[in-house]
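Protein chains in written order, with the working numbering: chain A, 2 to 695; chain B, 24 to 104.
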């Protein structure tokens, strides 16, 4: 069987992912942390005697390695050298889309141009001679309507056919006489440089044409510049590039870009006819309202309110069903267990595993709904508007609006939010944004809030307390950016430029795939980390057992003594001096330590500790919490879980994305210290107010 | 091609008023900022329409079917006519 690797490349918002989903159906590997495509994603399909591996690359405007998502796409194309590139273009935005095509064309890989959203272009009066465009770009061209699934089969046929044909090696885009001559000069210099041929082979994975490398060196392309080790060649490149810049008052990079657009304009002039004048589209009309100076912000806040309202109210019923189901299952196991036989296994099952994992699975509906909302915000095009609206505010704290998008994603999960910072244009902005992202209350924290708030506060307080917690997180993030931006990460952020894609109705399939990925990850977490943590917790609670029998001890006294004597009890007791200023006892302390593995562990941990603690069966976790703690302690739990102990996944991603343990550890320690100080302050002040701690 | 009402004189993109059209003449931006603008379609000679410029905060420009939002400081580095 033949094996082909096919890369999907294209600008953001061209519907690339929709086409990828159409091609692969459900048969794609779910990435570890789905969200915006900032990481490549693979899917496999079979077609005839051929197995195709499809790789969805991050949406990029060019192959310059200025931001990290572009680097991911570029590295894949250069190093892994796929068999075919499918370049997805936006039919109503051809000129801009083709810029990337001119760069892909030079990679010597067979290319297929997939023109997406042909129906929209037709409707807006753009008439294009696609055959001619294909001709000029030496690539077969397929018209597609991704969200109606048209063109998928034709695209696959074209890919298979293109794979059999050799690359368009004869094609070399002319950058104009003078530049071409300069590139030729540098290329021939490479020939004479000692050993450079061998270096070429190793440094970019596959042998690149000298002309391509010479052009990139003149452009000062940072990737190629760093890959070339030969100082002599770099010196020559610098010399030529300065000479050109001097005589044209423009850097070679801009001259080459102009030449690319020159070629594109030439093709489009012949092939594309705009029969209708540029006009105000529906999107523009919506934008007049949504990005309005005065209205924009209130509308944004209202939108966020609706998101959480949906998450809370729609999730309530399915959550109750799941809770009842787990309760039923748990009592079935207890009832059917043969009395007196291996009671420890029964206890492990009911008080450890079912209580722990079940307590977390209950929150699946709200997680799914939260991610559905975020997917809709993202795929409808509103996310970019949020960045626009927030730009003025973000500017005041030394970042720009684009940093706000990872923050919104952070309300779902910190890990994809950290990955989403790859779209930011400078390392300073990336690090600064990453550092404060854990302060955005993520979905896992949300489950803690939705456990704690109804346990301690009357219904009319639910919404205000929840908002207060989210607000505290945001306020701390702002303070953090201010502080770090003027100390550790000094400097200015580069100017913001962001595309405002036309508003689109998100397809059910896209939203569903997004939801499904999240649900699956959540269940996987429940079945692995949380299962393991529940078992560990149960063992710590039950061993070593209590043997010192004393006469006159009642059953509950015995039980209390046993817990105090257990490993968890001893650890908790050791931590007590640190915890007591926060109003936490050893049980909350052990649960908080558990949140380092994953935030949800707090819930399962409390379920295990309290279930073992109380003898009355059937009491809900919320009831047990209410009976044991005061509302003030409840609020302190909210505060500490919001700020302290970023989860293990966050620490790991911080390390890999920032490139060093330094920032991951700095973040962990700083946040935990701030959490301790603020929670202690809240508890000590709250304690003075009568009625709160009762 | 859309009708052009190019305003006399030379200013920056940040000075173009809502619904006015202008042509990009040159960039004062840094090299990588400039390449990013170019790759997103804001190239020399492009005629665009200002969609949103409230005098404060970011601006939105339109060309073809693209709508790009630019931070005010970046917009101030693009010379237009």
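Just so it is clear, CB atoms sit at the ideal spot from N, CA and C, and this is done for glycine as well. In this text, all values refer to a predicted model and were calculated from it rather than measured experimentally.
Count the other CB atoms, across all protein chains shown, that sit within 10 Å of the CB of residue i; report buried if there are 16 or more and exposed otherwise.
{"i": "residue 222 of chain A", "result": "buried"}
{"i": "residue 488 of chain A", "result": "exposed"}
{"i": "residue 34 of chain A", "result": "Residue placement at residue 34 of chain A is flagged as unreliable, the pLDDT there being 40, under the threshold of 50; a coordinate-derived value is accordingly withheld."}
{"i": "residue 62 of chain B", "result": "buried"}
{"i": "residue 343 of chain A", "result": "exposed"}
{"i": "residue 36 of chain A", "result": "With a pLDDT of only 40 at residue 36 of chain A, under 50, the local geometry of the prediction cannot be trusted, and the value read off the model is given with reservation. Classification of residue 36 of chain A: buried, given that the 10 Å Cβ count is 16 or more."}
{"i": "residue 617 of chain A", "result": "Here residue 617 of chain A scores only 44 on pLDDT, less than 50, and its place in the model is too uncertain to base an answer on."}
{"i": "residue 72 of chain B", "result": "buried"}
{"i": "residue 653 of chain A", "result": "exposed"}
{"i": "residue 283 of chain A", "result": "exposed"}
{"i": "residue 227 of chain A", "result": "exposed"}
{"i": "residue 401 of chain A", "result": "buried"}
{"i": "residue 439 of chain A", "result": "buried"}
Among the candidates the options, whose CA atom is the shortest distance from the CA of residue i?
{"i": "residue 161 of chain A", "options": "A:21, A:6, A:314", "result": "A:6"}
{"i": "residue 121 of chain A", "options": "A:144, A:132, A:683", "result": "A:144"}
{"i": "residue 291 of chain A", "options": "A:185, A:504, A:686", "result": "A:504"}
{"i": "residue 13 of chain A", "options": "A:629, A:499, A:193", "result": "A:499"}
{"i": "residue 429 of chain A", "options": "A:226, A:68, A:511", "result": "A:68"}
{"i": "residue 361 of chain A", "options": "A:289, A:654, A:446", "result": "A:446"}
{"i": "residue 358 of chain A", "options": "A:644, A:480, A:600, A:146", "result": "A:600"}
{"i": "residue 1 of chain A", "options": "A:662, A:513, A:75", "result": "Chain A is shown only over 2 to 695; residue 1 of chain A falls outside these bounds and no answer can be derived."}
{"i": "residue 659 of chain A", "options": "A:631, A:423, A:154", "result": "A:423"}
{"i": "residue 112 of chain A", "options": "A:327, A:398, A:90", "result": "A:90"}
{"i": "residue 82 of chain B", "options": "A:655, A:356, A:349, A:294", "result": "A:294"}
{"i": "residue 371 of chain A", "options": "A:356, A:312, A:109", "result": "A:312"}
{"i": "residue 98 of chain A", "options": "A:578, A:188, A:10, A:478", "result": "A:10"}
{"i": "residue 526 of chain A", "options": "A:425, A:478, A:648", "result": "A:648"}
{"i": "residue 86 of chain B", "options": "B:65, B:77, B:76, B:34", "result": "B:65"}
Hey, residue i and residue j are a contact pair by Cβ (cut 8 Å); roughly how many whole angstroms apart?
{"i": "residue 646 of chain A", "j": "residue 596 of chain A", "result": "5 Å"}
{"i": "residue 523 of chain A", "j": "residue 622 of chain A", "result": "Their Cβ separation, rounded to whole angstroms, is 19 Å, which puts residue 523 of chain A and residue 622 of chain A out of contact at 8 Å."}
{"i": "residue 368 of chain A", "j": "residue 535 of chain A", "result": "No, residue 368 of chain A and residue 535 of chain A are not in contact; Cβ-Cβ is about 18 Å, not under 8 Å."}
{"i": "residue 147 of chain A", "j": "residue 20 of chain A", "result": "5 Å"}
May I have the straight-line CA-CA distance separating residue i from residue j, to the nearest angstrom?
{"i": "residue 417 of chain A", "j": "residue 57 of chain A", "result": "17 Å"}
{"i": "residue 677 of chain A", "j": "residue 651 of chain A", "result": "19 Å"}
{"i": "residue 158 of chain A", "j": "residue 352 of chain A", "result": "57 Å"}
{"i": "residue 45 of chain B", "j": "residue 67 of chain B", "result": "11 Å"}
{"i": "residue 183 of chain A", "j": "residue 79 of chain B", "result": "44 Å"}
{"i": "residue 70 of chain B", "j": "residue 236 of chain A", "result": "38 Å"}
{"i": "residue 206 of chain A", "j": "residue 79 of chain A", "result": "Residue confidence for residue 206 of chain A is low, a pLDDT of 46 falling below 50, so the modelled location carries little weight; the figure read from the coordinates is stated next. Straight-line Cα distance between these residues: approximately 7 Å."}
{"i": "residue 443 of chain A", "j": "residue 8 of chain A", "result": "33 Å"}
{"i": "residue 384 of chain A", "j": "residue 454 of chain A", "result": "29 Å"}
{"i": "residue 174 of chain A", "j": "residue 261 of chain A", "result": "8 Å"}
{"i": "residue 431 of chain A", "j": "residue 664 of chain A", "result": "12 Å"}
{"i": "residue 434 of chain A", "j": "residue 285 of chain A", "result": "30 Å"}
{"i": "residue 289 of chain A", "j": "residue 497 of chain A", "result": "20 Å"}
{"i": "residue 30 of chain A", "j": "residue 518 of chain A", "result": "Low per-residue confidence applies at residue 30 of chain A: pLDDT is 49, beneath 50, and the placement is therefore not dependable enough to give any value."}
{"i": "residue 610 of chain A", "j": "residue 532 of chain A", "result": "15 Å"}
{"i": "residue 61 of chain A", "j": "residue 17 of chain A", "result": "11 Å"}
{"i": "residue 164 of chain A", "j": "residue 325 of chain A", "result": "56 Å"}
{"i": "residue 614 of chain A", "j": "residue 340 of chain A", "result": "In this prediction, residue 614 of chain A has a pLDDT of 46, which is less than 50 and means its spatial position is unreliable; nothing more can be read from the coordinates."}
{"i": "residue 137 of chain A", "j": "residue 268 of chain A", "result": "7 Å"}
{"i": "residue 390 of chain A", "j": "residue 135 of chain A", "result": "39 Å"}
{"i": "residue 51 of chain B", "j": "residue 405 of chain A", "result": "26 Å"}
{"i": "residue 386 of chain A", "j": "residue 604 of chain A", "result": "36 Å"}
{"i": "residue 32 of chain A", "j": "residue 42 of chain A", "result": "Because the pLDDT of residue 32 of chain A is 42, which lies under 50, any placement of that residue in the model is unreliable, and the number read from its coordinates should be weighed accordingly. Residue 32 of chain A and residue 42 of chain A: Cα-Cα distance of roughly 6 Å."}
{"i": "residue 15 of chain A", "j": "residue 97 of chain B", "result": "25 Å"}
{"i": "residue 466 of chain A", "j": "residue 334 of chain A", "result": "37 Å"}
{"i": "residue 271 of chain A", "j": "residue 95 of chain A", "result": "13 Å"}
{"i": "residue 100 of chain A", "j": "residue 514 of chain A", "result": "30 Å"}
{"i": "residue 116 of chain A", "j": "residue 92 of chain A", "result": "6 Å"}
{"i": "residue 109 of chain A", "j": "residue 213 of chain A", "result": "10 Å"}
{"i": "residue 331 of chain A", "j": "residue 102 of chain A", "result": "59 Å"}
Using a Cβ cut-off of 8 Å, pull out every chain C residue sitting near residue i, in sequence order please.
{"i": "residue 74 of chain B", "result": "Going by chain labels, chain C is absent from the structure shown, which instead holds the protein chains A and B."}
Mind checking the segment 85 to 113 of chain A against chain B and listing, in chain order, the residues whose C-beta falls within less than 7 Å of any C-beta there?
Cβ contacts with chain B: 93, 94, 96, 97, 100.
Of the residues that make up the segment 28 to 61 of chain B, which ones have a beta carbon closer than 8 Å to any beta carbon in chain A?
Here the close residues are 50, 52, 53, 54, 55, 56, 57, 58, 59, 60, 61.
Positions along the segment 374 to 402 of chain A whose CB lies within less than 8 Å of some CB in chain B
Against chain B - using a Cβ distance shorter than 8 Å - the residues of the segment 374 to 402 of chain A are 385, 388, 389, 392, 393, 396, 401, 402.
In chain order, what residues of the segment 469 to 496 of chain A put their CB closer than 7 Å to some CB of chain B?
Listed in sequence order: 495, 496.
Got a sec: which bits of the segment 252 to 265 of chain A sit with their beta carbon under 7 Å from any beta carbon on chain B, in order along the chain?
Here the close residues are 252, 254, 255, 258, 259, 262.
In the segment 50 to 65 of chain A, which residues sit with their C-beta less than 8 Å from some C-beta in chain B, listed in chain order?
Of all residues in the segment 50 to 65 of chain A, those with a C-beta nearer than 8 Å to a C-beta of chain B are 62, 63, 65, reading in chain order.
Which residues, taken in chain order from the segment 79 to 92 of chain B, show a beta carbon closer than 9 Å to some beta carbon of chain A?
Answer set for the segment 79 to 92 of chain B: 79, 80, 81, 83, 85, 86, 87, 88, 89, 90, 91, 92.
Quick one, which residues of the segment 431 to 443 of chain A are near chain B if we go by CB-CB under 8 Å, in chain order?
Residues passing the 8 Å Cβ filter: none.
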